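Novice: Pasting in a structure now, in structure tokens, and then I'll have a few things to ask.
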Amino acid sequence: MAEYSALLESIRSLVAGDAVAPSERLSEYTVDGLTPEIAVSPSTAEEVAAVLAAAAQQEAAVIPWGGGTGMATGNPPKRYDVALDVTRLNQVVAHEPADLTVVVQGGVRLQELQDYLAGNGQYLPLDPPLPQSATIGGILAANAGGPWRHAYGWPRDWALGLKVALADGSVTKAGGRVVKNVAGYDMTKLYLGSFGTLGVIVEAAFKVTPLPEASATGVAFFKSAGAAAEAGLVIDKRNLGLRSLTVVSPGAGELSTASGVEHPRSAWALLVTAAGVAAAVERSLAEAEAVCTEQDGVAWQRLPDGSGAALWEGVRHLLLPPKEDDRLLTRAGLLPSQVAAFLESLESLAREHGLAVQAISHLALGTVYSVWRGAEIDLRERGAGLVSVLRSLAGREGGAVIVEGCPAELKRQIDVWGEPRGGFSLMRRIKEQMDPGGTLSPGRFAGRI
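The following block contains the structure:
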């Protein structure tokens, strides 16, 4: 058990005078009903490392914080004494436009980085929800993405190297700052997607890419999930150079409000975005439209640029892990060919449980998100059973389901990551080696490590 007065005194001696938050702000750092005793915002990587060392010495548990956009994901922490806020590490360290690389501190907001890179006609092709809040370190720790994964993959595909503060107070580097690195173990990917359980990402190097000359979005409406998915898979096989290809279930009122798209109440929507050279964008959308309208009764809308951006922002917002107690957000990983049947099963489950469900699938990736809404008592009492059924459905074909957000009471009934798989024993050994005292985010990750 941490001695908070001694720990607070130690931390105050390590950071700038205003870096420790006053007690009235501690509730801003609550995680699953637990509020820390101390919240601190270091300004350098060395200060981050020193705070971690002080916490480890006092056997205090630390949870790293960025923009807070993904804190609803993860199991409830076993212990939580210190919130370590990295948002003061907010500098661009280096940018080599000719080499298409950039190095930034972990507390830089994604939108700030995009605005900076745009001055040189470049961008980092990552699109998690709330880019104006999400920090680079948090995005990497969660390996978070959005619809652009169809074309660009995950954050791990763009990260070249990291600087990480470890629980023992040391600062280590993985990878480098150039695209061609030396051979050896790729330690960078060890930290990506580890949800702050192995270290705190204080700096990251990325490869970046030129901004596309043009982009455009089209939407087609289908009578069933199967019809929408079938058309989407045909489009994907055409290799049209699409940025995004997403199926959305009926009743997406938020999307209609955001973009002005008239989404028929009972229709499944297929959202298609192409980006690149203007002529290629036009050809890609024309071919996608032709595939969709081969089916009888399919309506197609070509969206103005502003409306298309608003539509995708609405999609990302739906996928934001919920902070409310009346929503359950799950993510299934399947084969693309299994998506249609899984989407149809979601509708049946919603009727059986008396809940409302909104489903979104990044089709070619085999990813299906489902947002479940209902009275709080419904999710608390039926949520565990619903999650079990979803995992059974996905598991029949080798898939898996993760709970990305739900009421805290439901979290205590389940493991949000599901049953540990074959590599879990290795994950546990790595955690024990790198954080033997369980200082960093104890209990939050798979298997409650």
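In this note's numbering, the protein residues as written are 1129 to 1577. Quick reminder that beta carbons are idealized off the backbone N, C-alpha and C, glycines included. Keep in mind the model is a prediction, meaning the values are calculated, not measured.
Helix, strand or coil, according to DSSP, for isoleucine 1267 in the structure here?
Specialist: Numbered from its first residue, the sequence shown carries residue 1267 at position 139. Three-state result, isoleucine 1267: helix.
Novice: In terms of residues, what are the limits of the beta strand (DSSP E) holding isoleucine 1488?
Specialist: The count along the sequence shown starts at 1 and reaches residue 1488 at position 360. Element bounds for isoleucine 1488: 1484-1490.
Novice: Let me make sure I understand the geometry here. Which of Ile1329, Gly1297, Ala1246 and Gly1274 has the alpha-carbon closest to that of leucine 1268?
Specialist: If you number the sequence shown from 1, residue 1268 lands on position 140. For the residues Ile1329, Gly1297, Ala1246 and Gly1274, the minimum Cα distance to leucine 1268 belongs to Ile1329.
Novice: For the putative contact between threonine 1401 and threonine 1345, defined by C-beta atoms under 8 Å, what is the C-beta separation to the nearest angstrom?
Specialist: Indexing the sequence shown from 1 puts residue 1401 at position 273. Indexing the sequence shown from 1 puts residue 1345 at position 217. Yes, threonine 1401 and threonine 1345 are in contact; Cβ-Cβ is about 5 Å, under 8 Å.
Novice: Can glutamine 1250 and valine 1336 be called in contact, C-beta distance under 8 Å?
Specialist: Walking along the sequence shown from the start, residue 1250 turns up at place 122. Walking along the sequence shown from the start, residue 1336 turns up at place 208. Yes, the pair counts as a contact, with Cβ atoms nearer than the cut-off.
Novice: On a CA-only basis, which of Gly1145, Ser1141, Leu1162 and Arg1153 is nearest arginine 1540? Give me that one, please.
Specialist: Taking the first residue of the sequence shown as 1, we reach residue 1540 at position 412. Measuring from the Cα of arginine 1540, the nearest candidate turns out to be Leu1162.
Novice: Taking the alpha carbon of glutamate 1165 as the point to measure from, which residue in Leu1154, Met1315 and Asp1424 has its own alpha carbon closest?
Specialist: For this step, residue 1165 is matched to residue 37 along the sequence shown. Selected option, being the one with the closest Cα: Leu1154.
Novice: Straight-line CA distance for alanine 1149 to alanine 1522?
Specialist: Here residue 1149 corresponds to residue number 21 of the sequence shown, with the count starting at 1. Here residue 1522 corresponds to residue number 394 of the sequence shown, with the count starting at 1. Roughly 44 Å between the two C-alpha positions.
Novice: Around the C-beta of proline 1564, are 16 or more other C-beta atoms found within 10 angstroms, so that it is buried, or is it exposed?
Specialist: As a working note, residue 1564 is residue 436 in the sequence shown. Exposed.
Novice: In angstroms with no decimal places, state the Cα-to-Cα distance between glutamate 1441 and proline 1257.
Specialist: What you label residue 1441 is simply residue 313 of the sequence shown in a count that begins at 1. What you label residue 1257 is simply residue 129 of the sequence shown in a count that begins at 1. Near 8 Å, if we compare the C-alpha coordinates of proline 1257 and glutamate 1441.
Novice: Taking only the alpha-carbon atoms, compute the straight-line gap between tyrosine 1497 and phenylalanine 1470 and give it to the nearest angstrom.
Specialist: Position 369 of the sequence shown holds residue 1497. Position 342 of the sequence shown holds residue 1470. Going by the C-alpha atoms only, they are around 11 Å apart.
Novice: Less than 8 Å between the CB atoms is what I'm expecting for tryptophan 1276 and arginine 1371, so what's the real figure, rounded?
Specialist: The sequence position of residue 1276 within the sequence shown is 148, counting from 1. The sequence position of residue 1371 within the sequence shown is 243, counting from 1. With a Cβ gap of about 6 Å, tryptophan 1276 and arginine 1371 count as contacting.
Novice: Evaluate serine 1465 with the Cβ neighbour count: other Cβ atoms within 10 Å of its Cβ, from every protein chain shown; 16 or more gives buried, anything less gives exposed.
Specialist: As a first step, residue 1465 is located in the sequence shown; it is residue number 337 there, counting from the start. Exposed, since its Cβ has fewer than 16 Cβ neighbours within 10 Å.
Novice: Between the alpha carbons of alanine 1184 and aspartate 1296, how many angstroms are there, rounded?
Specialist: Numbered from 1 along the sequence shown, position 56 holds the residue referred to as residue 1184. Numbered from 1 along the sequence shown, position 168 holds the residue referred to as residue 1296. Rounded to the nearest angstrom, the two C-alpha atoms are 7 Å apart.
Novice: Which residue spans inside the stretch 1221-1303 form an unbroken beta strand (DSSP E) run of at least 3?
Specialist: Counting only runs of 3 or more, we get 1229-1233, 1287-1293 and 1299-1303.
Novice: Should the stretch 1468-1485 be regarded as contacting the stretch 1353-1369, the criterion being three or more beta carbon pairs within less than 8 Å?
Specialist: These segments touch.
Novice: Is DSSP giving glutamate 1532 helix, strand or coil here?
Specialist: Against the sequence shown, residue 1532 aligns to sequence position 404. Three-state DSSP puts glutamate 1532 in a strand.
Novice: To the nearest angstrom, report how far apart glycine 1575 and tryptophan 1545 are at their CA atoms.
Specialist: Taking the sequence shown and counting its residues from 1, one reaches residue 1575 at position 447. Taking the sequence shown and counting its residues from 1, one reaches residue 1545 at position 417. Spanning the two alpha carbons is a distance of roughly 7 Å.
Novice: In terms of alpha-carbon separation, which member of Glu1137, Asn1203 and Ala1512 lies closest to glutamine 1186?
Specialist: As a working mapping, residue 1186 is identified with position 58 in the sequence shown. The shortest Cα separation from glutamine 1186 among Glu1137, Asn1203 and Ala1512 belongs to Glu1137.
Novice: What's the C-alpha gap between leucine 1290 and aspartate 1243?
Specialist: Numbered from 1 along the sequence shown, position 162 holds the residue referred to as residue 1290. Numbered from 1 along the sequence shown, position 115 holds the residue referred to as residue 1243. Going from the Cα of leucine 1290 to the Cα of aspartate 1243 covers about 22 Å.
Novice: For glycine 1319, does the three-state DSSP call read helix, strand or coil?
Specialist: On the sequence shown, position 191 is the one that residue 1319 refers to. Residue identity check: residue 1319 is tyrosine in the sequence provided, not glycine. Looking at tyrosine 1319 - three-state DSSP - the assignment turns out to be helix.
Novice: With DSSP collapsed to three states, give me the class of arginine 1556.
Specialist: Taking the sequence shown and counting its residues from 1, the one referred to as residue 1556 is at position 428. Note: arginine 1556 maps to helix in three-state DSSP.
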